[in-house]
Amino acid sequence: MQIYVGNMSYGTTEESLRALFAQYGEVNSVKIITDRETGRAKGFGFIGMEDNTAGQNAIDELNGKEFEGRTLKINEAKPREERPKRNFNNRY
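One point on numbering: in the numbering used here, the residue at position 91 of the sequence shown is 446, and numbering is uninterrupted.
This is the structure in structure tokens:
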């Protein structure tokens, strides 16, 4: 199960996020999304959990809870929507 974690502190690390979710089951992956230019965290990320039941329990327990000074927004990750290709060559 892929889980979206939003409204995270910019100081949250993958290790601290893994430890938070590991309380509910086996964590397969942790990815904090960062800005390409600065490398700074954008305040959201994704958790991969082996078991759907454990993942749902984590969502139910952690959504709306405070972690590292921020109230987390957690739900099941939705597949990324296809966006139309943007063409920047025809500006003039």
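Just so you know, even glycine gets a beta-carbon here, dropped at the ideal spot from N, CA and C.
Residue i - DSSP class collapsed to helix/strand/coil
i           : result
residue 364 : coil
residue 416 : helix
residue 378 : coil
residue 432 : coil
residue 394 : coil
residue 442 : coil
residue 370 : helix
Bridge partner(s) assigned by DSSP for residue i
i           : result
residue 422 : 425
residue 401 : 359, 386
Integer-rounded CB distance, given that residue j should sit under 8 Å from residue i
i           : j           : result
residue 385 : residue 373 : 5 Å
residue 442 : residue 359 : In fact, because the Cβ distance is near 30 Å, the residues do not count as touching under 8 Å.
residue 410 : residue 383 : About 10 Å separates the two Cβ atoms, so there is no contact after all.
residue 356 : residue 400 : The pair is not a contact, with the Cβ atoms about 15 Å apart (cut-off 8 Å).
residue 367 : residue 387 : 7 Å
residue 432 : residue 376 : That pair is no contact at about 13 Å.
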